[in-house]
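Structure, as structure tokens:
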Amino acid sequence: MPTPKRRRCFRGSFGSRIDGVIPECGGALEAPVSSGGLLVGDFAQQSSSLGSIRWLQVQSAPDLDLHSQLKELIPEQQSMASNVVVETLFSICSLSLFQERLKKLKSDHGKVQLGNITADMVIGGMRGMTGLLWETSLLDPDEGIRFRGLSIPECQKLLPGAKAGGEPLPEGLLWLLLTGKVPNKEQADGLSAELCNRAKIPDHVFKAIDALPVAAHPMTQFATGVMALQVDSEFQKAYEKGMPKAKFWEPTYEDSMNLIARLPTVASYVYRRQISFFFLFLSLYMLTLLIFGDLVAFYFIRKKNICGLPYVCCGILFRIYKDGGIIPPDNSLDYAANFSHMLGFDDPKMLELMRLYVTIHSDHEGGNVSAHTAHLVGSALSDPYLSFAAALNGLAGPLHGLANQEVLLWIESLVKEVGEDITTDQLKDYVWKTLKSGKVVPGYGHGVLRKTDPRYTCQREFALKHLPDDPLFKLVSKLYEVVPPILTELGKVKNPWPNVDAHSGVLLKYFGLSEARYFTVLFGVSRSIGIGSQLIWDRALGLPLERPKSVTMDWLESYCKKAA
Ligand SMILES: CC(C)(COP(=O)(O)OP(=O)(O)OC[C@H]1O[C@@H](n2cnc3c(N)ncnc32)[C@H](O)[C@@H]1OP(=O)(O)O)[C@@H](O)C(=O)NCCC(=O)NCCS
503 MPTPKRRRCF RGSFGSRIDG VIPECGGALE APVSSGGLLV GDFAQQSSSL GSIRWLQVQS
563 APDLDLHSQL KELIPEQQSM ASNVVVETLF SICSLSLFQE RLKKLKSDHG KVQLGNITAD
623 MVIGGMRGMT GLLWETSLLD PDEGIRFRGL SIPECQKLLP GAKAGGEPLP EGLLWLLLTG
683 KVPNKEQADG LSAELCNRAK IPDHVFKAID ALPVAAHPMT QFATGVMALQ VDSEFQKAYE
743 KGMPKAKFWE PTYEDSMNLI ARLPTVASYV YRRQISFFFL FLSLYMLTLL IFGDLVAFYF
803 IRKKNICGLP YVCCGILFRI YKDGGIIPPD NSLDYAANFS HMLGFDDPKM LELMRLYVTI
863 HSDHEGGNVS AHTAHLVGSA LSDPYLSFAA ALNGLAGPLH GLANQEVLLW IESLVKEVGE
923 DITTDQLKDY VWKTLKSGKV VPGYGHGVLR KTDPRYTCQR EFALKHLPDD PLFKLVSKLY
983 EVVPPILTEL GKVKNPWPNV DAHSGVLLKY FGLSEARYFT VLFGVSRSIG IGSQLIWDRA
1043 LGLPLERPKS VTMDWLESYC KKAA
């Protein structure tokens, strides 16, 4: 007899929200609270500030690691069909019948229309067209992102932090995205350790990056590093051996976890490599100074005796650029803190910023360029490395992830032009000048959102807490007042409010990470968490090759004329 598994209940999937009601659990299951689970009432008490409770989140079973939890969630159809024991087990666990659920959805409701596709949508980049299944998060135009049903403030409250009341650990978010459940602190710490163990980078990856000039854009170097990591793909190896479809998710899991674990080392290598270039330059400069300094000394010793000056200069320059070397990981740290450490930033506040940063940039439902690209490429059964490298190339575009770089450069050129002490009128003039030159105001607007991005809001709250007097933060705040009315006045911008990229640069710069061209790499590291999680579910659900229909302009014109 198989040991009956603990009964668990899952929140309704497909982003369904439940107004103070327990989600359906397949009839037979009753109280949806496992040990350590949160009751609706409990949570309402804990989070009175959150207003009405529209969802229920069951905490993770404290005795399971991430892989075991996933193994419970993802049924193996083949064995289910042939194995009564497993079948019984799954009927007890019933909630993990995701594949069955998907099949049933298709057979029962496959012909239900989700909206009308208009010619506008076909021409206009598929805006507003519902056409993707993406389990890990859902974006509401007014409310912003929800990760498995949890908003950003809710994640900040519920996910474990490095310290009580601190920013959430990205490990906790990864767990949540993969399983739909909130892990406890021990589980999040266990995942930190697992990611550390998986983070070994083969030497050829560094060599591949080294083959590029140091001046190559950091995103090019980063994507190259990811492609070099692909050599170790478990999925590719298993596929070549002829793995059955029901097993696809397992090597996808291995690849995704390895990828997520290895990215901070690759990304920090790209960062430190640039600094190393400065270091090389400085070393040559110092050598010149030393030689030249001797000559100067020889000359000045007789006169004013200031021969030590060049040496002092060299010392200062050395300190500014640290030692320029590669920093090994500190495996006692959590994922984001270790990443910050390898970049060369150990200020505890910077570590908190990095935890917040990696958490909020991880996932933004499936239609954005990077997520959609990974989903599309993955649908061809390209492994997670190939899919993610493709996603990075989309992220590197200025209308998507590169906007964080553009924002800081734009703000810096504003300061250069007008100074830090800038009046509202000067600011307005600068925004209009940008628009009149045919450029967009970076960090403002969004393809889906129609209100201020909650990812912007939580960064603003972080700044108010940790750097309220920073002049650049004050400038960002002023822009928040000035830009939306101007974009509204333009008349064509659907969302005049700031997005995530409008804020991140000044926070990073405050803590010393001021190389704007590098910012999108940070975004990329974080995005691997959302994309990796969804790729596992893509394969677990057996989602098919993505292949939408395209039409020509002739076809569209003649179709529309007939329809008129
Ligand atoms: C994000 C973005 C690409 C969304 O594009 P979209 O879905 O086409 O947005 P809209 O439907 O509101 O665009 C309508 C018009 O307003 C313009 N617009 C949108 N946001 C704008 C901005 N921040 N500054 C100036 N013009 C903007 C568009 O370029 C478009 O002009 P067009 O009709 O002449 O081509 C757009 O808002 C943008 O370019 N923002 C700045 C870059 C940025 O911050 N990107 C990061 C997004 S997270």
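Here the numbering used here is used: the sequence shown runs in plain steps of one and ends on residue 1066.
We treat Cβ as the ideally placed atom computed from N, Cα and C, and that holds for glycine.
If you're wondering where the values come from, they're calculated on a predicted model, not measured in any experiment.
Check: residue i C-beta below 7 Å from any heavy atom of ligand 1
i, result
"K935", "no"
"L897", "no"
"G945", "yes"
"G706", "Position check: residue 706 holds His in this sequence, whereas Gly was assumed. No."
"R629", "yes"
"D734", "no"
"K996", "yes"
"A1104", "This structure cannot speak to residue 1104, because the chain is shown only from 503 to 1066."
"I949", "At residue 949 the sequence reads Gly, which differs from the Ile that was named. Yes, ligand 1 has a heavy atom inside 7 Å of this Cβ."
"N1001", "yes"
"L989", "yes"
"V984", "no"
"L901", "yes"
"V624", "no"
"V879", "no"
"V978", "no"
"V942", "yes"
Bridge partner(s) assigned by DSSP for residue i
i, result
"V1002", "Answer is none; V1002 lacks a bridge partner."
"S884", "BP columns for S884 are empty, so no partner."
"Y946", "P1000"
"Q561", "V684"
Any C-beta of chain D under 8 Å from that of residue i
i, result
"P704", "The question asks about chain D, but that chain is absent: this structure has only one protein chain."
Legend entry - the region 719-732 / the region 881-893 touching (three or more Cβ pairs under 8 Å): yes
Legend entry - Whole alpha helix (DSSP H) elements within the region 985-1044, 4-residue minimum: 1003-1012, 1021-1042
Inset, instruction - Count the C-beta pairs between the region 692-702 and the region 984-1002 that are closer than 8 Å, then say yes if the count reaches three, no if not. - result: no
Legend entry - Segment contact flag, the region 849-860 with the region 930-942, C-beta cutoff 8 Å, min 3 pairs: no
Inset, instruction - Inspect the CB distances between the region 855-872 and the region 959-967 and report whether three or more fall short of 8 Å. - result: yes
Inset, instruction - Tell me, please, whether the region 741-758 touches the region 1032-1042 by the rule of three or more beta-carbon pairs shorter than 8 Å. - result: yes
Inset, instruction - Kindly provide the ranges of any alpha helix (DSSP H) runs that are 4 or more residues long and lie completely inside the region 621-697, ordered along the chain. - result: 621-625, 654-660, 672-681
Inset, instruction - Take every Cβ of the region 680-689, pair it with every Cβ of the region 826-837, and state whether three or more of those distances are shorter than 8 Å. - result: no
Inset, instruction - Count the CB pairs spanning the region 697-708 and the region 761-772 that are closer than 8 Å, and state whether there are at least three. - result: yes
Legend entry - Cβ contact check for the region 911-928 and the region 973-984: 3 or more pairs under 8 Å: yes
Inset, instruction - Could you name each continuous alpha helix (DSSP H) segment of 4 residues or more that falls completely within the region 721-757, going from the start of the chain to the end? - result: 736-743
Legend entry - Any 3 or more C-beta pairs closer than 8 Å across the region 1017-1030 and the region 922-942: no
Legend entry - Cβ contact (3+ pairs, closer than 8 Å) linking the region 667-678 and the region 642-654: yes
Inset, instruction - Report yes or no: do three or more beta-carbon pairs, one from the region 598-607 and one from the region 615-622, lie closer than 8 Å? - result: no
Inset, instruction - Report yes or no: do the region 1027-1036 and the region 863-874 share at least 3 C-beta pairs separated by less than 8 Å? - result: yes
Legend entry - Three CB pairs or more closer than 8 Å across the region 890-903 and the region 714-726: yes
Inset, instruction - Would you check if the region 756-764 and the region 925-934 touch, i.e. whether three or more CB-CB distances between them fall below 8 Å? - result: no
Legend entry - Residue ranges of each alpha helix (DSSP H) within the region 916-965, 4 or longer: 926-938
Inset, instruction - Check whether the region 1008-1021 touches the region 657-673, counting contact only when three or more Cβ pairs, one atom from each stretch, lie closer than 8 Å. - result: no
Inset, instruction - Could you name each continuous alpha helix (DSSP H) segment of 4 residues or more that falls completely within the region 836-873, going from the start of the chain to the end? - result: 837-845, 850-862
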